[in-house]
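Heads up: the protein sequence lines correspond to chains A and B, in order. For reference, each letter of the first sequence is one residue, going 1 to 343 in this note's numbering. For reference, each letter of the second sequence is one residue, going 1001 to 1222 in this note's numbering.
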Amino acid sequence: MSADSAGLIEFDDVAKTYPRGAAETVALRGVRLRVEPGRVFGVIGYSGAGKSTLIRMVNGIERPTSGRVLVDGIDIGGLRGRPLRDAQKRTGMIFQQFNLLETVSVRDNVAMPLRLDGVSRAAARARADEVLEFVGLSDKGDRHAAELSGGQKQRVGIARSLARNPRVLLADEATSALDPTTTAQIIELLRSINREYGTTILVVTHEMDVIKDLADEVAVMADGRVVEQGTVLDTFVRPRTAIARDFVTTVVPQGLPDRVLAHVGGEGLWRLLLVDDEVTQPLVSDLITGIGVSVNMLHADMTEIQEHTVGQMIIKVTGEADRVAAARAFLAERVEHLEDVVR
Amino acid sequence: MSEDRWTLLTPDLFFSALGETLQMLGVALVLGSVLGVGIGAVLALTRQGGVLENRAASVLLGGLVNLIRSLPFIILLVAILPFTRLLVGTSIGVWAAIVPLTVMIAAYIGRLVENSLLEVPGGVVEAARSMGASPGQILWRFLLPEARGSLILAVTIAAVGLIDATAMAGTVGAGGIGDLALSYGYQRYDGFAMAATVVTLIVLVQGIQWVGTSAARRFRRR
């Protein structure tokens, strides 16, 4: 395999069922996904959607009941024993609860993967110090995990996962136990790993904020299936499924409070999404002076998604029916997305 | 000391009994710990969901451990006498007692070790597997080190249990402090011998517990 293709993950019709007495629990029902090398790919879903099972198949901790999971063309689920362990060594993983050893120093935690490979203690520790410096913990090598904050523990977990220079990094709810400020720092660290080393990062989370700030692409999972997939920007601007919309709502509010809606609902109540330069247009004054309608601005916000500015407005347009229709046509040409607010 | 001997206990008698107890305790504890850690590791790794899941091994070894643990020590001692004779060539004396003591304590430690290993958070094993650790590496580099505090406590509990069991070793002529208490303190109404043995046993158990607890605290590193 060539260096530039290293880090490709493919899920080919992957299903997983767990026996439970006479019946069985279905965790995954035919998942197809392709994560291109060097991408940051997010999988979002509620608990029980199957995303934890999915990510554990990439390093062979879980095995598909049917279908294949390929990493750089190698069928991970078909491996046993030493070949499986060798494949696992090319993939790093970080966890929600960090899963560090309590009885050895931070440095020895990070050195552990290399010690498993038979690297000498001195060489493994030297490499550990290198990675600890990269994650900003060069002064914490002699400490024990219990002396560190949550964010620092996750940095140690990240350093440990990087010790072998993996092509693929798996992040299982890696920020779910952290506060918002620490989460942002960990996300920035993961982005810099992706930038500097071109590591493919597969993230599973239930937090849409993490997807927004970290991922290039997103797959939305529900009940063992991928129900929606696309770039993060597209998914934020035009979520196609109710569940994707629910997740987007947690970051960008989608509607109005019911009491307000009861007052202003009906014809001419629109939600506009504007991307990048579109946000700088004087749309409201154009509508009033150019089209001749009155405009009631009910909500407006702006957010950064994948280095794009995404603005949102909810407006109530009133006037003659043909003027309102003209206003709609005028806006449709100038904004990314326009929809009626119905809820 | 007066002519009519207010006690039958002599320093010679006392120290040779103490030596016998310490010999039985030391040898059985070392051998039993090695065997027990092995048994506990096999039980923990082969159980359902373990990294070496194996129902046959788990049921067989678990059954054997339960069988040994079902017998009061005095019964085990006499029941396995043929095995003892086979192993050490005699059925009397200190070594004849060490065999059943080791068997009993290995089974006991095995269960305690199994529990200690199962207490290590599942996430640690998951991290080990994600790094491509072999089952042996999972045991040696992850489970045993993470469990070491509770393993030390397990061996401490076992050591105290061994002192209890050595009192019955007199049955096969192994002597020891417990035998002194029974044959002098009880059967010959020697109050001083009884008091001396009781105090010795208390000091011994307190000492073991103190060493074990402080070692566990030191190694636990929290």
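No residue lacks a Cβ here, since even glycine has one placed at the ideal position from N, Cα and C. Just so we're clear, the structure is a prediction, and the values are computed from it rather than from any experiment.
Quick one: any contact between the segment 59-72 of chain A and the segment 111-126 of chain A, if contact means 3 or more CB pairs under 8 Å?
-> no
Nearest to A/Leu283 by CA position, among A/Ala327, A/Leu84, A/Ala321, is which residue? A/Ala327
*Just mark B/Gly1175 as buried or exposed, buried being the case when its beta carbon has 16 or more other beta carbons within 10 Å.*
buried
Selection from B/Leu1139, B/Gly1063, B/Ser1150 that minimises the alpha carbon distance to B/Ala1044
B/Leu1139
Q) Which runs of the beta strand (DSSP E) spanning at least 3 residues fall entirely within the segment 253-341 of chain A, listed in chain order? A) 269-275, 294-305, 308-318, 337-340
Run the CB neighbour count on A/Ser2, radius 10 Å, all protein chains shown included, and call it buried at 16 or more, exposed below.
The predicted position of A/Ser2 is uncertain, since its pLDDT is 42 and thus under 50; no value can be drawn from it.
How would you call B/Pro1187, buried or exposed, if buried means at least 16 neighbouring beta carbons within 10 angstroms?
One point to set straight first is that residue 1187 of chain B is Gln, not Pro, in the sequence displayed. Exposed is the call here.
Exercise for review: Please confirm if the segment 1001-1020 of chain B is in contact with the segment 267-282 of chain A, defined as three or more CB-CB distances below 8 Å between the two stretches.
Suggested key: no
Run down chain B in chain order and give the residues with a C-beta less than 8 Å from the C-beta of A/Phe95.
Gly1123, Glu1126, Ala1127
Task: For A/Val335 and A/Val275, the rounded distance between their alpha carbons - done: 8 Å
Query raised in the report: chain A partners of B/Gln1187, CB-CB under 7 Å?
Result: Within 7 Å Cβ-Cβ: nothing; B/Gln1187 doesn't reach chain A, min ~50 Å.
Apart from the five residues just before and just after B/Leu1151, which ones in its own chain have a Cβ nearer than 6 Å to its Cβ? Ser1116
Checklist entry - Does the beta carbon of A/Glu102 come closer than 8 Å to any beta carbon on chain B? => result yes
*Where does the unbroken alpha helix (DSSP H) through A/Val58 begin, and where does it stop?*
51-58
Report the neighbours of A/Lys89 on chain B: residues whose CB is nearer than 8 Å to its CB, in chain order. Met1131, Gly1132
Review point. Under a three-way DSSP split, which group does B/Ala1174 fall into?
Key: coil
Just to confirm, are A/His193 and A/Leu178 a CB contact at a threshold of 8 Å?
Reading off the sequence shown, one finds Ile at residue 193 of chain A, where the question assumed His. For A/Ile193 and A/Leu178, no; Cβs fall outside 8 Å.
Residues within the segment 124-153 of chain A neighbouring chain B, beta-carbon criterion of under 8 Å: His144, Ala146
### Message
Using only the alpha-carbon positions, how far apart do A/Ile74 and B/Leu1144 sit?
### Response
33 Å
- Query: For B/Val1211, does the three-state DSSP call read helix, strand or coil?
  - Reply: helix
Item to complete: With DSSP collapsed to three states, give me the class of A/Val71.
Response: strand
Contacts that B/Gln1137 makes with chain A (C-beta to C-beta distance below 7 Å):
Leu116
**Request:** Spell out whether any CB of chain A is found under 8 Å from the CB atom of B/Arg1148.
**Result:** yes
Q | Coarse secondary structure for B/Phe1142, derived from DSSP in three states | A | helix
| task | Quick one: measure Cβ to Cβ for A/Arg127 and A/Ala163, integer angstroms, because I've assumed they're closer than 8 Å. | result | 6 Å
Exercise. Is the Cβ of A/Pro113 closer than 8 Å to any Cβ of chain B?
Worked result: yes
Practice problem: Decide if B/Gly1089 is buried, meaning its Cβ has at least 16 other Cβ atoms within 10 Å, or exposed. | Solution: exposed
Worksheet item: When burial is assigned at 16 or more other CB atoms within 10 Å of the CB, is B/Leu1162 buried or exposed?
Response: buried
Original post:
Skipping 5 residues on each side, what residues in its chain have a beta carbon closer than 6 Å to that of B/Arg1220?
Top reply: Gly1149
Bounding residues of the beta strand (DSSP E) (the contiguous stretch that carries A/Ile94)
91-94
Any 3 or more C-beta pairs closer than 8 Å across the segment 27-40 of chain A and the segment 223-233 of chain A: yes
key: Simplified DSSP assignment, three categories, for B/Ser1130   = helix
### Message
For A/Met221, list the residues DSSP reports as bridge partners.
### Response
A/Val226
What residues are listed by DSSP as bridge partners for A/Val43? A/Val204, A/Ala219
Against chain B, with Cβ distances strictly below 8 Å, would A/Ile291 count as a contact?
no
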